[in-house]
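In what follows, a structure is listed as structure tokens, so that the remarks can point back to it.
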Amino acid sequence: MEKEGVEHRTVVKVNGVNIHVAEKGKGPVILFLHGFPELWYSWRHQINALSSLGYRAVAPTCEGSETPMLLTS
Numbered sequence: 007m008e009k010e011g012v013e014h015r016t017v018v019k020v021n022g023v024n025i026h027v028a029e030k031g032k033g034p035v036i037l038f039l040h041g042f043p044e045l046w047y048s049w050r051h052q053i054n055a056l057s058s059l060g061y062r063a064v065a066p067t068c069e070g071s072e073t074p075m076l077l078t079s
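When the count follows the working numbering, it moves up by one through the sequence shown with no breaks and lands on 79 for the last residue.
Here it is as structure tokens:
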């Protein structure tokens, strides 16, 4: 899901979960958090707009995993 220069990386492994981050730009950070069932892609227009204004737009995929997680009760 590449979108106009947005960089993708796995930033950290927490409790066995890799966290994916999409980011673009340089400058003060603006952090975008989405709700379920969205992804970083929900913020693609805001990421491009604010990065062009001198901000570093960062949007993690909040499900927190590169693979779907199974929830059990």
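Using N, Cα and C, we set each Cβ at its ideal position, and we do this for glycine too.
According to the DSSP assignment, H26 belongs to the beta strand (DSSP E) that extends over 23-30. Counting every other CB atom within 10 Å of its CB across the protein chains shown gives P66 a total of 16 or more, marking it as buried. Counting along the chain, L37 sits inside the beta strand (DSSP E) bounded by residues 35-37. In the three-state DSSP reduction, H40 falls in the coil class, being neither helix nor strand. With a 10 Å radius around the Cβ and a threshold of 16 neighbouring Cβ atoms, V12 comes out buried. Rounded to the nearest whole angstrom, the C-alpha separation of R15 and L59 is 22 angstroms.
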